[in-house]
Amino acid sequence: MNTSLRSFFDDLASPRRSLVVLNRSSPDPVRGLLDSLLDGQPVEVSEVESEAEDDDVVALVEDGEVIARSAMDELLESVLLINSDLYKSGAIGLDDVVLPDVLYGLEEVPFRVRGYPASNKEKVLLIVISRVIERIAAEHGEGTLRASFQRLSRINDERGTNEVYERVAATGVDTHVYGVGDADELGTLPVTVHTGTSYPYRRSWFVVFAPPDGADGDHVALLALEDEPNVWDGFWTFSPDLVTRLETYIATAV
Numbered sequence: 085m086n087t088s089l090r091s092f093f094d095d096l097a098s099p100r101r102s103l104v105v106l107n108r109s110s111p112d113p114v115r116g117l118l119d120s121l122l123d124g125q126p127v128e129v130s131e132v133e134s135e136a137e138d139d140d141v142v143a144l145v146e147d148g149e150v151i152a153r154s155a156m157d158e159l160l161e162s163v164l165l166i167n168s169d170l171y172k173s174g175a176i177g178l179d180d181v182v183l184p185d186v187l188y189g190l191e192e193v194p195f196r197v198r199g200y201p202a203s204n205k206e207k208v209l210l211i212v213i214s215r216v217i218e219r220i221a222a223e224h225g226e227g228t229l230r231a232s233f234q235r236l237s238r239i240n241d242e243r244g245t246n247e248v249y250e251r252v253a254a255t256g257v258d259t260h261v262y263g264v265g266d267a268d269e270l271g272t273l274p275v276t277v278h279t280g281t282s283y284p285y286r287r288s289w290f291v292v293f294a295p296p297d298g299a300d301g302d303h304v305a306l307l308a309l310e311d312e313p314n315v316w317d318g319f320w321t322f323s324p325d326l327v328t329r330l331e332t333y334i335a336t337a338v
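The numbering used here applies: residue 85 is where the sequence shown begins, and numbers increase by one.
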C-alpha cells in the first residue's frame, strides 16, 4: 500500500537500459545534445559502428538486446532541439507532440533533472512526456486525467497549457488540476480544480491518465517530486497497475 507520492518510486522496475548511437555521421554537437539530455542519468550513451545497421540510428539496449530504435533526426525534432517555451506558448500543438520509441522505452527509469538556469535541457524530456500524456487523453476522449501545476496561475499564464486543458476537457475526459492558488482565476475552464498548500500541491508534478474501468486503452503517468529547489526526481510509466494505483492515490489522498 502506498503511503505517499514518494513511495511510488519504490515500486519502479528500474530497468538497466542504455542508448547506443549506431553509425553516427551527424556532427559532434548533435551527440552533445543527446549527452546533455541524459547527463547524470542512469542511462549510458555510447557509439557503435555496424555494417548491419543504418546510419544515425539510436538503439535502446537492455541485457545486450536492442528493444527499440529511433532515428537521430526523430530525437532532434521531438526533444533535442526543443525548448520549454515552445510548449508554454503553444507553438507546438498537441497533435505535433511525438515520443520516439527509444525514449518511450525508458519508462520506470528514475530520472533526476534540474530546471533552468542549472540546465537548459534536462527538464525538457519531462515536459514532452507530460504533453504526450495529455495528447493520449485527448485522443481517448474519456477516462480521467489528473495534473498538478504547483501554481494554478500557470494554466492561464502559459497560453499553450491553457489551450491543451481546454481541448482535453472538451473531449469528455474527466479533467482534474491541482495547485496552490485561487480556483476562481481559472474562470470557465471546464476542469475540476483542487487547491491546497500541502507538499503534493507545492512540490509535485504529476500528469496521470487512466481510461475508464474495464475499457481498453493506454494507461500512462508521469510523477516528479521537487525535494530540492529546482531539482526533480521523476519517472514515467505505461504500467496499467502502477498508473491505476497512482491515480487512485491522488484521487483519495491528495
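Cβ atoms here follow ideal geometry from the backbone N, Cα and C, with glycine treated the same way.
Thinking C-alpha only, which one of the options is nearest residue i?
{"i": "D140", "options": "E158, D123, G148 and G124", "result": "E158"}
{"i": "D185", "options": "K172, G124 and I213", "result": "I213"}
{"i": "E149", "options": "S288, P99 and L160", "result": "P99"}
{"i": "V264", "options": "E133, R235 and V275", "result": "R235"}
{"i": "R251", "options": "R238, G225, T276 and E242", "result": "G225"}
{"i": "A253", "options": "V277, D266 and V105", "result": "V277"}
{"i": "A155", "options": "L183, Y333, Y285 and E242", "result": "L183"}
{"i": "L178", "options": "I211, D297 and A294", "result": "I211"}
{"i": "D268", "options": "V304, N240 and S173", "result": "N240"}
Name the DSSP bridge partner or partners of residue i?
{"i": "E312", "result": "V315"}
{"i": "L106", "result": "V132 and V141"}
{"i": "T321", "result": "A305"}
{"i": "A294", "result": "T228"}
{"i": "S288", "result": "L309"}
{"i": "F233", "result": "Its beta-bridge partners do not exist; DSSP assigns none."}
{"i": "R198", "result": "V315"}
{"i": "R101", "result": "E146"}
If we ignore side chains and look at the alpha-carbon of each, how far apart do residue i and residue j end up?
{"i": "V248", "j": "A222", "result": "9 Å"}
{"i": "E206", "j": "A337", "result": "30 Å"}
{"i": "D300", "j": "P111", "result": "43 Å"}
{"i": "S120", "j": "W316", "result": "16 Å"}
{"i": "Y188", "j": "E218", "result": "15 Å"}
{"i": "S162", "j": "V181", "result": "7 Å"}
{"i": "A135", "j": "S102", "result": "Here residue 135 turns out to be Glu, not Ala, going by the sequence shown. So the two alpha carbons sit approximately 21 Å from each other."}
{"i": "D94", "j": "V327", "result": "14 Å"}
{"i": "F92", "j": "I220", "result": "22 Å"}
{"i": "D169", "j": "V216", "result": "16 Å"}
{"i": "D138", "j": "F195", "result": "29 Å"}
{"i": "R238", "j": "P126", "result": "31 Å"}
{"i": "F290", "j": "G116", "result": "29 Å"}
Output the boundary residues of the beta strand (DSSP E) element that contains residue i.
{"i": "L141", "result": "Sequence check: residue 141 is Val here, not Leu. Residues V141 to E146."}
{"i": "E149", "result": "E149 to A155"}
{"i": "R90", "result": "Note, R90: premise wrong, no beta strand (DSSP E); not H, not E."}
{"i": "D258", "result": "D258 to V264"}
{"i": "V277", "result": "T276 to T279"}
Any idea if residue i is buried or exposed, counting beta-carbon neighbours within 10 angstroms, 16 or more meaning buried?
{"i": "T245", "result": "buried"}
{"i": "L144", "result": "buried"}
{"i": "E331", "result": "buried"}
{"i": "E146", "result": "exposed"}
{"i": "L270", "result": "buried"}
{"i": "L309", "result": "buried"}
{"i": "G256", "result": "exposed"}
{"i": "E60", "result": "The requested residue 60 is not part of the displayed model; the chain covers only 85 to 338."}
{"i": "G318", "result": "buried"}
{"i": "P113", "result": "exposed"}
{"i": "R230", "result": "buried"}
Is the CB of residue i under 8 Å away from at least one CB in chain D?
{"i": "R251", "result": "Absent from the structure is chain D; it holds one protein chain and no more."}
Where do the ends of the alpha helix (DSSP H) carrying residue i lie?
{"i": "L122", "result": "Premise fails: L122 is in no alpha helix (DSSP H) and is neither H nor E."}
{"i": "D241", "result": "S237 to D241"}
{"i": "D169", "result": "S168 to K172"}
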